[in-house]
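Peer 1:
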């Protein structure tokens, strides 16, 4: 598959991820400052987002690492270090997701959502930064040829 085609697909997936992150962030905002019922409803909404991130995030990372990164490394050898860093970030982001999901289970059982909100906000910010860095460093290069 041509590098530009793979890159276009990755950018499209990033757009979808950004959309889901916005929904996640909005729902996290509903956890505080409201009634118990509102917090409970927000937790239910967070659970509805879980399947997407459980399936899509690892799939997206695998696709980048198997389809995009080898093409980038071949066409742009100077990107090797950045690609290694991005793959390391993928592993870290998946670890943070597992931590978040564990906290979601705890919050659902106990009703304490403060830590859930903190972890969610941190993970959302890290995912956004990661996607931005990938696009800035790789999209620009792939469009030059």
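In our numbering, the protein residues as written are 4 to 148.
Ideal placement from N, C-alpha and C gives every residue a C-beta, glycine not left out.
1) Here's the rule I'm using: 16 or more other beta-carbon atoms within 10 Å means buried, otherwise exposed. How should residue 97 be labelled?
2) For residue 86, which residues from the same chain have a beta carbon less than 7 Å from its beta carbon, with the 5 sequence-adjacent residues on both sides left out?
3) Tell me the DSSP secondary structure of residue 115 in three-state form.
4) For residue 134, I'd like the list of residues in its chain whose CB is within less than 6 Å of its CB, leaving aside the five on either flank, ordered along the chain.
5) As a quick exercise: from 12, 100 and 79, pick the residue whose alpha carbon is nearest that of residue 54.
6) My assumption, with CB atoms under 8 Å, is that residue 21 sits in contact with residue 64. Please give the rounded CB distance.
7) Rounding to the nearest angstrom, what Cα-Cα distance links residue 122 and residue 106 in this structure?
8) If the criterion is Cβ atoms closer than 7 Å, does the pair residue 48 and residue 35 meet it?
9) Here's the rule: buried if 16 or more other CB atoms are within 10 angstroms of the residue's CB, otherwise exposed. What is residue 108?
10) Grouping DSSP H, G and I as helix and E and B as strand, with all else coil, what is residue 33?
11) Can you give me the C-alpha to C-alpha distance between residue 129 and residue 84, rounded to a whole angstrom?
12) Can you tell me which of 132, 113, 136 and 8 puts its alpha carbon nearest to the alpha carbon of residue 42?
13) Tell me where the alpha helix (DSSP H) around residue 46 begins and ends.
Peer 2: Here's the rundown:
1) Position 94 of the chain shown, counted from the first residue, corresponds to residue 97. When all chains shown are included, residue 97 counts as exposed.
2) Numbered from its first residue, the chain shown carries residue 86 at position 83. Counting only Cβ-Cβ distances below 7 Å, and skipping sequence neighbours, we find 72, 75 and 76.
3) Your numbering for residue 115 matches position 112 in the chain shown. In the three-state scheme derived from DSSP, where H, G and I count as helix and E and B as strand, residue 115 is classed as coil.
4) Along the chain shown, one-based indexing puts residue 134 at 131. 17, listed in sequence order.
5) Mapped onto the chain shown, residue 54 falls at position 51. Residue 100 holds the alpha-carbon nearest to the alpha-carbon of residue 54 among 12, 100 and 79.
6) Translated into the one-based positions of the chain shown, residue 21 becomes position 18. Translated into the one-based positions of the chain shown, residue 64 becomes position 61. The beta carbons of residue 21 and residue 64 sit about 16 Å from each other, so the pair does not count as a contact at 8 Å.
7) Position 119 of the chain shown, counting from 1, holds the residue named residue 122. Position 103 of the chain shown, counting from 1, holds the residue named residue 106. Cα to Cα, the separation comes out at about 8 Å.
8) For this step, residue 48 is matched to residue 45 along the chain shown. For this step, residue 35 is matched to residue 32 along the chain shown. Against a cut-off of 7 Å, the Cβ pair of residue 35 and residue 48 comes out as no contact.
9) Counting from one through the chain shown, the residue named residue 108 turns up at place 105. Exposed.
10) Residue numbering aside, residue 33 sits at position 30 when the chain shown is read from its first letter. DSSP places residue 33 in coil when its eight states are reduced to three.
11) As a working mapping, residue 129 is identified with position 126 in the chain shown. As a working mapping, residue 84 is identified with position 81 in the chain shown. Taking the CA atoms as reference points, residue 129 sits about 19 Å from residue 84.
12) By one-based count along the chain shown, residue 42 stands at place 39. Measuring from the Cα of residue 42, the nearest candidate turns out to be 113.
13) To locate residue 46, count along the chain shown from 1; it is residue 43. Annotation: the continuous alpha helix (DSSP H) that includes residue 46 extends over 39-66.
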